[in-house]
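Report on one structure; see the data block that follows.
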Amino acid sequence: MITITHYLVLSAILFTLGVVGVLVRRNAIIIFMCIELMLNAVNLSFVAFAHYLNSMQGQLFVFFTMTVAAAEAAVGLAIIVAVFRNKETVNIDDINIMKW
Amino acid sequence: MLNLVALILLFPLIGTAINGLIGKRLRKETVGYVACGAVALSFLISILVFIGLLLLPPDARLFEKQLFTWIESGSFKSAAGLQVDPLSSLMILIVTGVGFLIHIYSIGYMHHDKGYHRYFCYLNLFTFSMLLLVLSNNFLLMFIGWEAVGLCSYLLIGFWFEKKSASNAAKKAFVVNRIGDFGFALAIMLIFLTFHSIDFTEVFSAASKGNFAVGSFSVTIITLLLFMGATGKSAQIPLYTWLPDALEGPTPVSALIHAATMVTAGVYMIARCNVLYMLSPFTMTVVASVGAVTALFAASIGLVQNDIKRVLAYSTISQLGYMFVACGVGAFTAGIFHLMTHAFFKALLFLGSGSVIHAMSGEQDMRKMGGLRHHIPTTYKTFLVGTVAIAGIPPFAGFFSKDEILLESLVRGNFFYWAIGALAAFFTAFYMFRLLFMTFHGKSRVDHHAAEHLHESPKNMTLPLTVLAGLSVVGGFLGIPGASAISNFLAPVFGEHGHTEISGAEAGGHHSAYLPYLMMVVSTAIAIAGIYLAYQMYIKKPEIPKKLAERFHLIYKLLLNKYYVDEIYDALFVNPIKKGSVQLWKQVDVRMIDGSVNGIARLVGRFGNALRYLQTGYVRNYAFYIVVGCICILVFAVLGR
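First to last, the protein sequences are chains A and B.
Residue 121 in this note's numbering sits at position 31 of the first sequence, with consecutive numbering throughout.
Residue 628 in this note's numbering sits at position 627 of the second sequence, with consecutive numbering throughout.
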């Protein structure tokens, strides 16, 4: 029997993977993918809870999240392209001018 | 007609506003017309008010006009109201009348000054302040006028502020007056605590109802504090030092300060509070003693001064001393009478000296004058009238008022007041005629440069002199002993204690009926003796003064240096306070206050400087902090439950 706990643990693992990926990777595209992973981990827990609680609200939230994620992906990729055109790199260690 | 009283205040204020705001763009003539016109209108309305008051029966001569409620806070209430009674109506006539003449004179005297409109703006404001002071119907409003008079004196004494000595004199006048005003302010608070009101009518009626025993502590303290204020404004010992320095201002200003406004404020205030003063015999003794000592002290300094205005300044202090003696022995009428006649002849003398200085192209040292009577005849004639009046020769104005004070001080006070007063009168006659002889008689000691420019002053300067000379001649007849118009007029204000009729002297017991006439002869003799001595020393044998100065070298030096009072004050008060202030500035202000403020700012700056290295520019690091923060919150949420 697959309980809510399994779903939530999987969601937590996926989310942590995403977080670690964001923190340790250097490539902007990979980081971007990790962020998507985190979003979808949260989506998973939403769906799990929706099923568990017999409520449609969770499903609804997932649709919204996916829509926003799609928009965000478009904007984010555009930014990455723009940065690449300027600096010829997507290595975020080279993108550090926002400081003192 | 009495309802017009507010207009008296309004006109000088309008004049101030016009000259102060747009005076720079007006032509000089217009500025003069505006200023003089304002005071002239005030004077006319003062006359109307005076007539209106005369039409009332003597007992009903008190008119109050409430303008608006000024302060209302808890049980404290103060209205802005004006009061017309015989005393204040007499004062407004003096202030606006003499003030008007001084305004006219100023047109000629200040003609070449570049601060012309500023001068007239201040002059009108001065008149307004003094009128506010004498017309107010409560202590607080009076205090406003009192302070405004102090402010105007500061502005006018320091009128030529480019001169270091003038700005110093202005500061001195202001600071010395503050000391007295401090006492006045305390007195007002005490009056409110004691009487639960600061209205003249309420306070005085409460005081005269007998709720307060004669000599009661609170009334004594109140009157002493009020007197402290009076010593500041009216230049009595120990706060007189500002007045001689005040002649750094333009000469008409000296005339205004010495005659019509400012110095008379203290005498007026004590006369106004006569009910309170009568309740405190101790204060009365203090007032009379301070007045007597001041009269003699200042007169003795006046004997040897060489600056024409300085002699007059010390003479003012001395004459004010007389007025305080009169108030101190309870003869308020005599004090106010002398205030009035003094306003006439002292304004005349100051304006006359201004005319002399004008003719001498700015020279004030009498040793460089002499023989001027042929060159400036009108000034000489009017000056002579003023000198005779102040010396106390009948029938000129000063004789009657001074004689009355001397008589009252003997009848009501004691022999010492009279003796000191008589000696001061002798000095007065001497130094005034010394001034006259040194300036107008004898051989000319004028240097060539000034001699070429010797000229009589223009009409608008000699006309006020002539009018004032006329007043100095006839002013005394208002107070002829036995048929004194002024004492009858002022009787409602001062009650029975204001004036001794000749029969009152009889009632005194051991004084005989012919005492007043004897006193007249004596005081005339004293004056003539003073004049004769001056004549001998400065006309007949001009070498005597030098010999005397050498013979009594120490006394001469002491007098010439004004008893070193300024130096003593400097050493005792001014310098220690200055040093203390410098220390306060350096230690408290710079080190503690500025130091703590700057220190906090520097600390915050350093902290921020250290923290800014957290801002690496790597978004990854920021994300890491966020994650750490989230974990912390999570841990806290889980464990905290």
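The beta-carbon is built from N, C-alpha and C at its ideal position, and this holds for glycine as well.
- Message: Tell me which residues share the same chain as S90 of chain B and place their Cβ nearer than 7 Å to its Cβ, disregarding the 5 neighbours each side in the sequence.
- Response: For S90 of chain B, where only same-chain residues beyond five positions count, the Cβ hits under 7 Å are V50, F51 and L54.
Residues in its own chain within less than 8 Å of T157 of chain A by CB, not counting five upstream and five downstream?
Excluding positions up to five away in sequence, the list is empty.
I need the straight-line Cα distance from W586 of chain B to N576 of chain B, nearest angstrom please. Roughly 15 Å between the two C-alpha positions.
query = Residues of chain A with a CB under 9 Å from the CB of V628 of chain B: which are they?
reply = Against chain A, the beta carbon of V628 of chain B has neighbours under 9 Å at V109, V112 and L113, listed in chain order.
Drop a sphere of 10 angstroms on the beta-carbon of D200 of chain B, count the other beta-carbons inside from all chains shown, and report buried for 16 or more, exposed for fewer.
-> Classification of D200 of chain B: buried, given that the 10 Å Cβ count is 16 or more.
* To do: Please state whether DSSP places N138 of chain B in a helix, a strand or coil.
  => Three-state DSSP puts N138 of chain B in coil, outside helix and strand.
Counting along the chain, where does the beta strand (DSSP E) carrying V532 of chain B start and finish? The residue you asked about is not Val; residue 532 of chain B is Ile in the sequence shown. First-last for I532 of chain B: L516 to Y536, but that is the alpha helix (DSSP H), not the beta strand (DSSP E).
* Same chain only: Cβ atoms within 6 Å of W147 of chain B, ignoring 5 sequence neighbours per side -> Closer than 6 Å at Cβ, skipping near neighbours: L134.
### Query
Around the C-beta of D86 of chain B, are 16 or more other C-beta atoms found within 10 angstroms, so that it is buried, or is it exposed?
Under this definition D86 of chain B is a buried residue.
Run of the beta strand (DSSP E) containing T467 of chain B, from where it starts to where it stops: Here T467 of chain B belongs to no beta strand (DSSP E); instead the alpha helix (DSSP H) covers K460 to V475.
Just to check my reading of the structure: T383 of chain B and S458 of chain B have Cβ atoms closer than 8 Å, yes? What is that Cβ distance to the nearest angstrom?
About 11 Å; that fails the 8 Å criterion.
Counting contacts by CB-CB distance shorter than 8 Å, is G618 of chain B in contact with chain A? Yes - at least one Cβ of chain A is within 8 Å of the one on G618 of chain B.
> Quick one: is P59 of chain B buried, meaning 16 or more other Cβ sit within 10 Å of its Cβ, or exposed?
Replying inline: With fewer than 16 other Cβ atoms within 10 Å, it is exposed.
**Prompt:** Using DSSP with H/G/I as helix, E/B as strand and the rest coil, what is G499 of chain B?
**Reply:** Model confidence at G499 of chain B stands at a pLDDT of 49, short of 50, so the residue's coordinates are unreliable; what they give is reported in the following sentence. G499 of chain B: helix per DSSP, three-state reduction.
| request: Taking only beta-carbon positions, decide if N130 of chain A is within less than 8 Å of chain B. | output: Interface with chain B (8 Å Cβ-Cβ cutoff): N130 of chain A is excluded.
- Going by other Cβ atoms of all chains shown within 10 Å of its Cβ, with 16 needed for buried, is N178 of chain B buried or exposed? Its Cβ being crowded by 16 or more others within 10 Å, N178 of chain B is buried.
_Given this structure, state the Cα-to-Cα distance separating T17 of chain B from Y155 of chain B, to the nearest angstrom._
Distance between T17 of chain B and Y155 of chain B, taken at the CA atoms: about 16 Å.
*asked:* On a Cα-Cα basis, can you pick out the residue from B:R62, B:S74, B:N125 and B:S79 that is closest to L68 of chain B?
replied: Considering only alpha carbons, the answer is B:S79.
- prompt: Going by DSSP, what residues sit across from D200 of chain B in a beta bridge?
  reply: Residue pairing of D200 of chain B in beta bridges, as defined by DSSP: B:N139.
Worksheet item: Buried or exposed: where does D184 of chain A fall if 16 or more other Cβ atoms within 10 Å of its Cβ makes it buried?
Response: Burial call: exposed.
Query raised in the report: Expressed to the nearest angstrom, what Euclidean distance is found between the alpha-carbon atoms of L63 of chain B and L340 of chain B?
Result: Taking the straight line joining both Cα atoms gives about 22 Å.
For the beta strand (DSSP E) that contains Q147 of chain A, what are its first and last residues? Looking at the DSSP string, Q147 of chain A is not in any beta strand (DSSP E); the run it does join, the alpha helix (DSSP H), is Q147 to K177.
Original post:
So who's on the other strand from V85 of chain B, going by DSSP bridges?
Top reply: Within the DSSP bridge table, the entry for V85 of chain B names B:F64 as partners.
* Can you give the Cα-Cα distance for I302 of chain B and L436 of chain B, rounded to whole angstroms? -> If you take the alpha carbons of I302 of chain B and L436 of chain B, they lie about 13 Å apart.
In angstroms with no decimal places, state the Cα-to-Cα distance between G353 of chain B and L466 of chain B. Each residue's alpha carbon lies about 7 Å from the other.
Discussion item. Using a Cβ distance threshold of 8 Å, determine whether the segment 303-320 of chain B contacts the segment 247-260 of chain B, with at least three qualifying pairs required.
Written reply: Cβ pair count under 8 Å is three or more, so yes.
Query raised in the report: Can you list, in chain order, the residues of its chain whose CB lies under 6 Å from that of S410 of chain B, leaving out five sequence neighbours each side?
Result: Cβ neighbours of S410 of chain B beyond the five flanking positions: V326, V330, Y418, W419 and G422.
_Exposure of F160 of chain B, with buried meaning 16 or more beta-carbon neighbours within 10 Å_ = Under this definition F160 of chain B is a buried residue.
*Taking C-beta pairs closer than 9 Å, name the residues in chain B that N186 of chain A reaches, listed in chain order.*
Taking the beta carbon of N186 of chain A as reference, the chain B residues within 9 Å of it are T617, G618, Y619 and V620, listed in sequence order.
- Task: Express the C-alpha separation of I578 of chain B and V468 of chain B in angstroms, rounding to a whole number.
- Result: So the alpha carbons of these two residues sit roughly 47 Å apart.
- With a cut-off of 8 Å on the beta carbons, I'd call I108 of chain B and V254 of chain B a contact; round off their distance for me. Wrong, their Cβ atoms sit about 14 Å apart, outside the cutoff.
**Item:** Residues that F77 of chain B contacts on chain A, provided the C-beta gap is smaller than 7 Å
**Value:** In chain order: nothing, as chain A lies at least about 59 Å away.
**Asked** Going by other Cβ atoms of all chains shown within 10 Å of its Cβ, with 16 needed for buried, is H511 of chain B buried or exposed?
**Response** With a pLDDT of 47 at H511 of chain B, under the threshold of 50, the modelled position of this residue cannot be trusted; read the value that follows with caution. Taking a 10 Å sphere around the C-beta of H511 of chain B, we find fewer than 16 other C-beta atoms and assign the residue as exposed.
- Task: Return no unless some Cβ of chain A is closer than 8 Å to the Cβ of F625 of chain B.
- Result: Yes, because at least one Cβ of chain A sits closer than 8 Å to the Cβ of F625 of chain B.
Kindly indicate if chain B contains any beta-carbon less than 8 Å away from that of I92 of chain A. Taking Cβ atoms only, chain B never reaches closer than 8 Å to I92 of chain A, which makes this a no.
* Does DSSP put D366 of chain B in a helix, a strand or coil? -> D366 of chain B: strand per DSSP, three-state reduction.
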